[in-house]
Amino acid sequence: MAAAAQVCKTLRVTVQALIAKVRSDVSGGAEGMPIPCTSPRFGCPVPSGYTYTACNVLASGDLPSQGSGCSCREQALLHACRDDCPCGAAYEGPSRQRRLKEGAWDGGPIFECGQACKGCVRRCANRVSQQPIDMAMQIEKSDKGWGARACAHIHRGQFVAQYAGELITSTEATSRLVAIDAAPGPTCHALLAVREYLPSRQASLRLTIDATRVGNIARFFNHSCDGGNLELFVVRAHGALIPHVALFARRDISPGEELTFAYGAPCAGAAFGSEAKELVQGSSHELTSSSSKTCMPMASKAPQACLCGSVACLGFMPNEAV
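335 is the number that the working numbering gives the last residue of the sequence shown; the numbers go up by one with no jumps.
Dropping the structure here:
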C-alpha cells in the first residue's frame, strides 16, 4: 500500500509540474516570448486537445516553394535588406518595430522577403509576419470559453500573430465538419477559410486553415461583430507558393483588452448593419469561416448565438458553407 501511495504521489507531482509548465507558456518555447494562460474561475487549468505550432503545416507532405525575390545584401547589424527593398513596401518604421503603412490597409495582399530572396536571412526585418511572436499576450478562460488578451500596448499596424494551423483542402474541411457535427455533446472547431481575389475578381485562391488540432495562439482569438481590434491579411513571402494569413492591430490596443477579429459574415437570417457589411465585403479577401472558438454547439446546422458583447453584435455567429 505504501508503494502504491508513493506512486500516486509521484504521478500527481509530475502532472502538476506539467500543468504548471504549460500554464507558463502554452507555446512550449516556440515563440519569441512565453504565452501564459489563466483560468481563475474555472476548473480547466489549461487548454487541451491540440498541438501548438508557430506556422502552418500541411496535413500531409511539405510546403512547396519556388519563385524569386529580392537580391539585397544583408545588413548584418540591422537584420534588414536595403531601405528601398521592394519586399518591405507595406511596412514602415525601424527594424523589429515595423508597422503597416496606412496605404497597406486597402485589403490587398502583403509581400515580404522570403526564402527566394538572395542574401536575406530569416531575421530580416522585411519578414515581419514570419518572426516568432514577441507581443506580450496571455490566454484566459471566461464565460465565453478560452480567449486571448493583450498584456502590453499594441500600436495600430503592428503584427500580432499568424493564423497558423493545418493547410487542408475544401473537401477535407467538409469531411472534418461533418465529423464534428456527428460528435456527441458540445463541440467546437477553429477552421478558417480565406479567399484571395485576383485584381479582376473573376478568380480567387482559397486558403483553408484548420487550427482545431494543430494551431497557435490565434485559435483563441474570438469573434467580434464590430470587426474586432485585429485585421486579417493574406501575406506572400517570396519563394513560398502558398501564402499565409497574419493578424495586425486595426487600432491601438491597451493592455488587458481581449484580442478579437471578425470571422466573417453573420449567418443567414441575422440583420446586417451597414458598418459590419462594409467590414466583411469591402476588402479583397473574404472570410468564409464557420469557426466556433467559444466551445459551444456547432452552428453549421442551426444559427449559433454570438457572445461577443459588442454594441454592434448581430446576434449570430458567422456560419457559411465550406
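Just so you know, even glycine gets a beta-carbon here, dropped at the ideal spot from N, CA and C.
Remember, predicted model here, so these are calculated numbers, not experimental data.
Beta-carbon proximity list for residue i, same chain, < 8 Å, skipping 5 on both sides
| i | result |
| --- | --- |
| residue 337 | Absent from the structure is residue 337, since the part of the chain shown begins at 14 and ends at 335. |
| residue 2 | Since the first residue shown for the chain is 14 and the last is 335, residue 2 is missing from the structure and cannot be characterised. |
Whether residue i touches residue j by CB criterion (7 Å)
| i | j | result |
| --- | --- | --- |
| residue 40 | residue 48 | yes |
| residue 127 | residue 233 | no |
| residue 205 | residue 193 | no |
| residue 181 | residue 72 | yes |
| residue 202 | residue 187 | no |
| residue 137 | residue 68 | no |
| residue 165 | residue 66 | no |
| residue 258 | residue 245 | yes |
Local conformation of residue i per DSSP, three classes
| i | result |
| --- | --- |
| residue 326 | coil |
| residue 234 | coil |
| residue 173 | strand |
| residue 162 | strand |
| residue 41 | coil |
| residue 271 | strand |
| residue 51 | strand |
| residue 312 | Because residue 312 carries a pLDDT of 39, less than 50, the predicted location of this residue cannot be relied on, and no value is offered for it. |
| residue 255 | coil |
| residue 188 | helix |
| residue 265 | coil |
| residue 206 | strand |
| residue 183 | helix |
Burial state of residue i, where buried means 16 or more other Cβ atoms lie within 10 Å
| i | result |
| --- | --- |
| residue 142 | buried |
| residue 215 | exposed |
| residue 42 | exposed |
| residue 131 | exposed |
| residue 318 | exposed |
| residue 168 | exposed |
| residue 145 | exposed |
| residue 312 | Because residue 312 sits at a pLDDT of 39, beneath the cut-off of 50, its placement in the model cannot be relied upon, and the following sentence gives the value as read from the coordinates. By the 10 Å Cβ count, residue 312 comes out buried. |
| residue 110 | exposed |
| residue 207 | buried |
| residue 190 | buried |
| residue 179 | buried |
Cβ-based neighbour list, residue i, same chain, cut-off 7 Å, excluding 5 preceding and 5 following
| i | result |
| --- | --- |
| residue 113 | 103, 104, 170 and 261 |
| residue 117 | 103 and 123 |
Beta-carbon contacts of residue i that lie in its chain and below 6 Å, excluding the five residues immediately before and after
| i | result |
| --- | --- |
| residue 148 | 173 |
| residue 266 | 163, 167 and 242 |
| residue 239 | 323 and 325 |
| residue 249 | 122, 124 and 256 |
| residue 46 | 147 |
| residue 101 | 139 |
Report task. Jot down the residue ranges of each uninterrupted beta strand (DSSP E) in the region 83-148, minimum 3 residues, whole runs only, in chain order. Result -> Counting whole runs of 3 or more residues, the region 83-148 contains the beta strand (DSSP E) stretches 123-125.
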